[in-house]
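Asker: Numbering of the sequence shown is given in this note's numbering, commencing with residue 29 and proceeding in unit increments.
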Amino acid sequence: MADMDKAQQERHDRLIEQMRRILGSEICAVFEDPAAVEIMLNDDGRVLVERHGAGITELTTLPTSKTLNFLGLMADFRGTTVSREKPIVEGAMPDEFLRARFAGAIPPLMPQPTFAIRLPARKVFTLDQYVAKGIITPAQHADIIQAVVDHKNILVSGSTSSGKTTLVNAILHTISERSGLNERLILIQDTSELQCSAPNTTSMLTYEDAGVDYTKLLKLTLRYRPDRIIVGEVRDGAALALLKAWNTGHPGGLATLHANNPQAALMRLDQLCQEAGVPPQKELIREAVGLVIQIQRDVNHPAGRRITAMEEIRDGADPSPWRRPPTRLAKIRARYS
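1. Could you give the DSSP three-state label for Thr234: helix, strand or coil?
2. Under a Cβ-count criterion, where at least 16 other Cβ atoms within 10 Å of its own Cβ denotes burial, should Pro166 be classed as buried or exposed?
3. Let me check understanding here. Comparing Cα to Cα, which of Ile341, Ile323 and Glu339 lies closest to Ala162?
4. Quick one: what does DSSP say Ile134 is sitting in, helix, strand or coil?
5. Quick one: give me the first and last residue of the beta strand (DSSP E) that Thr366 is part of.
6. By how many angstroms is the C-alpha of Ala35 removed from the C-alpha of Ala293?
7. Helix or strand or just coil, what does DSSP make of Ile341?
8. Beta carbon of Leu101, beta carbon of Ala128: below 8 angstroms?
9. Helix, strand or coil: how does DSSP classify Ala144 here?
10. Determine the closest residue to Asn197 out of Arg74, Arg206 and Cys224, with distance taken between C-alpha atoms.
11. Assign Ala65 to buried or exposed, taking buried as 16 or more other Cβ atoms, counted over all protein chains shown, within 10 Å of its Cβ.
12. Tell me which residues share the same chain as Asp237 and place their Cβ nearer than 8 angstroms to its Cβ, disregarding the 5 neighbours each side in the sequence.
13. Using DSSP with H/G/I as helix, E/B as strand and the rest coil, what is Ala170?
14. Cutting at 7 angstroms between CB atoms, please list the residues of its own chain near Pro373, excluding the five before and the five after it.
15. Have a look at the DSSP bridge pairing and note the partners of Gln299.
16. Can you name, in chain order, every residue of its own chain whose Cβ lies under 7 angstroms from the Cβ of Asp326, other than the five neighbours on each side?
17. Does the beta-carbon distance from Leu246 to Gln309 come in below 8 angstroms?
18. Measuring only the C-alpha atoms, how far is Val262 from Glu311?
19. Please work out which residues of its chain come closer than 6 angstroms, Cβ to Cβ, to Thr95, disregarding the five sequence neighbours upstream and downstream, and give them in chain order.
20. For Ser207, which residues of its own chain have a beta-carbon under 6 angstroms away from its beta-carbon, when the five flanking residues on both sides are left out?
21. Taking the alpha-carbon of His169 as reference, which of Gly186, Leu195 and Ala144 has the nearest alpha-carbon?
22. Ordered along the chain, which non-local residues of its own chain (more than five positions away) have a Cβ less than 7 angstroms from that of Gln46?
23. Kindly list the residues whose CB is nearer than 6 angstroms to the CB of Ile179, restricted to its own chain and excluding five residues on each side of it in sequence; keep chain order.
24. Using the three-state DSSP reduction, which class does Leu282 fall into: helix, strand or coil?
25. Could you spell out where the alpha helix (DSSP H) holding Ser185 opens and where it closes?
26. Might you give, ordered along the chain, the residues of its own chain that have their beta carbon closer than 6 angstroms to the beta carbon of Gly265, omitting 5 neighbours on each side?
27. Measure the CB-CB distance between Ile182 and Leu69 and report whether it falls below 8 angstroms.
28. Helix, strand or coil: how does DSSP classify Met102 here?
29. Starting from Thr243, follow its DSSP beta bridges and name the residues at the other end.
30. For the candidate residues Phe130, Leu90, Phe153 and Arg112, whose alpha-carbon lies nearest to that of Phe105?
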């Protein structure tokens, strides 16, 4: 068994060395840059890098032959193959590459092979820094802090690469500053992107190869004595398990979701719940979700993104299916919208 373990380690080491050789020193250095967010290879062979506060810049080029080899190595690492019949490779990269989220494809889906690598957060930006950069206003800052203190469940909504996870990490920093051993945080994610320094924290990762998804981890979480439950991204029918967990004595959680505005986020949350085979869950959503924060990319903003809306969710009849007539938060929002 020991010889087998050694052989497996040697094979893994060779794979990592081949990956590094193909990517080259310039691209490999990006994995060491705490400001780097994403590495993107377009079908013209250009490699682009996005960094916090610096936007997207061109780094280098990667020949098609090397890209195909790299995608083959990623497929090998993921225990699969890449071919015309199976042209997509996706999943977490090896530990040596920070378990970054990888997605790649080859022809006929693309004119040439391409990939996108989403790097996990390594530098935590605080909410104070968000104010300093103009991403959020002082009024928004105060409302987020109050939501944390009041143990409201917060949903952060936005498009891909809008900064949802980075914002969640900033809110987690605020929670960590206020948490002691008596407040236990459970983090659930598919890649290690959430950063939390609270003294009583446990992190869980999905394990697709063993069929351990968000729903199973949410059920397990309830046996781990959680106070706050934080989920990296709400997806599929696991949304129902999350809402039930939030709504059964575990307030103060955080999660992200892809949507264009707070109302669309709540509709999307309801749709995901229905994927679990249940009818619409508007009442459960109203009870569980306390605040929706919308963040989006903005090429005209110096920081490249900004918070565009914050919606407090309350019970009660209203023309909107989700909230009551204007609250203090709505009035504040009117001042800075």
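For each residue, glycine too, the CB sits at the ideal point set by N, CA and C.
Answerer: Taking the coordinates as given:
1. Indexing the sequence shown from 1 puts residue 234 at position 206. Three-state result, Thr234: coil.
2. Residue mapping note: residue 166 aligns to position 138 of the sequence shown, counting from 1. So Pro166 counts as exposed.
3. Numbered from 1 along the sequence shown, position 134 holds the residue referred to as residue 162. It should be pointed out that residue 162 corresponds to Gly in this sequence rather than to Ala. The option with the nearest alpha carbon to Gly162 is Ile323.
4. Residue 134 sits at position 106 when you count from the first residue of the sequence shown. Looking at Ile134 - three-state DSSP - the assignment turns out to be coil, as it is neither helix nor strand.
5. With the chain represented from 29 up to 365, any question about residue 366 goes unanswered, as that position is not in the structure.
6. Translated into positions along the sequence shown, residue 293 becomes position 265. Translated into positions along the sequence shown, residue 35 becomes position 7. Distance between the alpha carbons of Ala293 and Ala35: 48 angstroms.
7. Residue numbering aside, residue 341 sits at position 313 when the sequence shown is read from its first letter. Residue state, collapsed to three classes: coil.
8. On the sequence shown, residue 101 is found 73 positions in, with the first residue counted as 1. On the sequence shown, residue 128 is found 100 positions in, with the first residue counted as 1. Taking 8 angstroms as the cut-off, the Cβ atoms of Leu101 and Ala128 do not count as close.
9. Within the sequence shown, residue 144 is the residue found at index 116, counting from 1. Three-state result, Ala144: strand.
10. If you number the sequence shown from 1, residue 197 lands on position 169. Nearest C-alpha to Asn197 among Arg74, Arg206 and Cys224: Cys224.
11. Residue numbering aside, residue 65 sits at position 37 when the sequence shown is read from its first letter. Per the sequence shown, residue 65 should be read as Val rather than Ala. Label assigned to Val65: buried.
12. Taking the sequence shown and counting its residues from 1, one reaches residue 237 at position 209. Answer for Asp237: Gly107, listed in chain order.
13. By one-based count along the sequence shown, residue 170 stands at place 142. Residue state, collapsed to three classes: helix.
14. In the structure as shown, the chain begins at 29 and stops at 365. Residue 373 is therefore absent and cannot be evaluated.
15. The residue given as residue 299 occupies position 271 in the sequence shown. Gln299 is not bridged to any residue.
16. Start at 1 with the first residue of the sequence shown, and residue 326 comes out as number 298. Around Asp326: Gly332, Arg333 and Arg334.
17. Start at 1 with the first residue of the sequence shown, and residue 246 comes out as number 218. Start at 1 with the first residue of the sequence shown, and residue 309 comes out as number 281. No, Cβ-Cβ distance for Leu246 and Gln309 is not below 8 angstroms.
18. Translated into positions along the sequence shown, residue 262 becomes position 234. Translated into positions along the sequence shown, residue 311 becomes position 283. Between Val262 and Glu311, the C-alpha separation is close to 18 angstroms.
19. Reading the sequence shown from its first residue, position 67 is the one you call residue 95. These residues qualify, in order along the chain: Pro141.
20. Position 179 of the sequence shown, counting from 1, holds the residue named residue 207. Result list for Ser207: Ala226, in chain order.
21. Residue mapping note: residue 169 aligns to position 141 of the sequence shown, counting from 1. Among Gly186, Leu195 and Ala144, the Cα nearest to that of His169 belongs to Leu195.
22. Numbered from its first residue, the sequence shown carries residue 46 at position 18. Closer than 7 angstroms at Cβ, skipping near neighbours: Leu101.
23. Indexing the sequence shown from 1 puts residue 179 at position 151. Before going further, note that residue 179 is His rather than Ile in the sequence given. Here the set comprises Pro279 and Gly280.
24. Taking the sequence shown and counting its residues from 1, the one referred to as residue 282 is at position 254. Strand at Leu282.
25. Here the question's residue 185 lines up with position 157 in the sequence shown. Unbroken run through Ser185 is the beta strand (DSSP E), Ile182 to Gly186; no alpha helix (DSSP H).
26. Counted from its first residue, the sequence shown places residue 265 at position 237. Within the same chain, Gly265 has close Cβ partners Glu303 and Ala304.
27. Here the question's residue 182 lines up with position 154 in the sequence shown. Here the question's residue 69 lines up with position 41 in the sequence shown. No, they are not a contact pair.
28. Position 74 of the sequence shown, counted from the start, is the residue given in the question as residue 102. Looking at Met102 - three-state DSSP - the assignment turns out to be helix.
29. Locating residue 243 in the sequence shown gives position 215, where the first residue counts as 1. For Thr243, which the question treats as bridged, DSSP gives no partner whatsoever.
30. The sequence position of residue 105 within the sequence shown is 77, counting from 1. Among Phe130, Leu90, Phe153 and Arg112, the Cα nearest to that of Phe105 is on Phe130.
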